[in-house]
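Asker: When we follow numbering that gives the first Met the number 0, the leftmost residue of the sequence shown carries the number 0, and every step to the right adds one. Here it is, the structure in full.
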Amino acid sequence: MKLTLAHLKRGENAIIADVSSIHIPLKLLEMGCLPGNSVKLVQVAPFADPMYLNINGSHLAIRKETAQHILIENVTHE
Numbered sequence: 000m001k002l003t004l005a006h007l008k009r010g011e012n013a014i015i016a017d018v019s020s021i022h023i024p025l026k027l028l029e030m031g032c033l034p035g036n037s038v039k040l041v042q043v044a045p046f047a048d049p050m051y052l053n054i055n056g057s058h059l060a061i062r063k064e065t066a067q068h069i070l071i072e073n074v075t076h077e
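As structure tokens, then:
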């Protein structure tokens, strides 16, 4: 089973393994949503959408639908 950002739970850290750039807006890629960067799930809005993330020090809110296209690895809990 491939893990995606949508699988993260609050407080978990991971490394972005792969990004399906077809489904990811260019703006997210420019803001650091790239393979090799660390990501932490900071908060989840009601009904689990959007997700508030910290990616290499940048704070981003993305939709769960978008998060399902970003593969992760090395999940740890703080």
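Just so you know, even glycine gets a beta-carbon here, dropped at the ideal spot from N, CA and C.
To the nearest angstrom, how far is it from the Cα of Glu11 to the Cα of Leu25?
Answerer: 25 Å
Asker: Do you know how far the Cα of Gly56 is from the Cα of Leu70?
Answerer: 19 Å
Asker: Using alpha carbons as the reference points, say which of Ala44, Met30, Pro45 lies closest to Val38.
Answerer: Met30
Asker: What is the C-beta distance between Leu40 and Leu52, in whole angstroms, given that I count them as a contact (C-beta under 8 Å)?
Answerer: 6 Å
Asker: Arg9: which of His22, Pro49, Pro34 sits nearest, CA to CA?
Answerer: Pro49
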